[in-house]
Every structure is written in C-alpha cells, then in structure tokens.
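Worksheet: the structure to be examined is printed underneath.
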Amino acid sequence: MIITVEISYYPLTDNYAVPVKDFIDTLKTSEETDIVTGAMSTLITGEYDNVMELLAAKIEPMIEKYPSVFTLKISNSCGKK
98 MIITVEISYY PLTDNYAVPV KDFIDTLKTS EETDIVTGAM STLITGEYDN
148 VMELLAAKIE PMIEKYPSVF TLKISNSCGK K
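Right, here's the structure in full:
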C-alpha cells in the first residue's frame with residue numbers, strides 16, 4: 098500500500114536550521130521513497146513498510162541528539178508513487 102507522510106520537525110535548539118537540514122538530507126538518501134520538501138513540512142511517499150522503516154531509522158538519531166518535536170500525518174489517499 099502506498100502512503101504519504103507529512104512530517105514537520107522542530108528541534109528545540111537555538112540553531113534549529115542545522116538539525117532540520119541534517120534530518121532532511123538523511124531522508125533524501127532513501128531510494129525507495131519520494132521526498133518533497135516545503136517551507137513548513139516534508140512529504141514522504143512510498144510503500145508503507147519502506148516509509149515507516151525510514152522514519153524509524155531517521156527520527157531516532159535526531160531525538161537522541163536534540164530535544165525535538167515531530168508532527169506527522171499519515172495518509173493512504175494522498176498521492177501515488
């Protein structure tokens with residue numbers, strides 16, 4: 098099943114742009130998903146398992162390194178890969 102996740106990342110640090118850029122750059126290493134970045138959020142589209150594995154692998158290092166807030170919306174009806 099194809100899903101789309103809209104994700105916003107809010108690192109609670111003074112220099113928040115650095116961890117946001119790092120997070121987006123690590124997401125873009127995935128060849129199994131489509132990544133579209135915007136001013137307020139990033140869209141990740143792909144097979145359910147691929148997207149969820151990507152999120153699990155990429156969010157954990159960020160929350161270990163920085164105090165963080167992530168917001169996610171998950172849809173199976175917003176886009177096709």
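Residues 98 to 178 (this note's numbering) make up the sequence shown, in order.
Note that CB positions come from ideal geometry on N, CA and C, so glycine has one too.
Because the structure is a prediction, the values reported are computed rather than measured.
Endpoints, alpha helix (DSSP H) assigned at T123: A114 to L124
Closest Cα partner of P158 within the set F120, Y113 and N112: F120
Residue burial classification, K170 (beta-carbon count within 10 angstroms, cutoff 16): K170 is classed as exposed because its beta carbon has fewer than 16 other beta carbons within 10 Å across all chains shown.
Same chain only: Cβ atoms within 6 Å of P108, ignoring 5 sequence neighbours per side: P116, Y163 and S165
CB contact flag (S172, E103, <9 Å): yes
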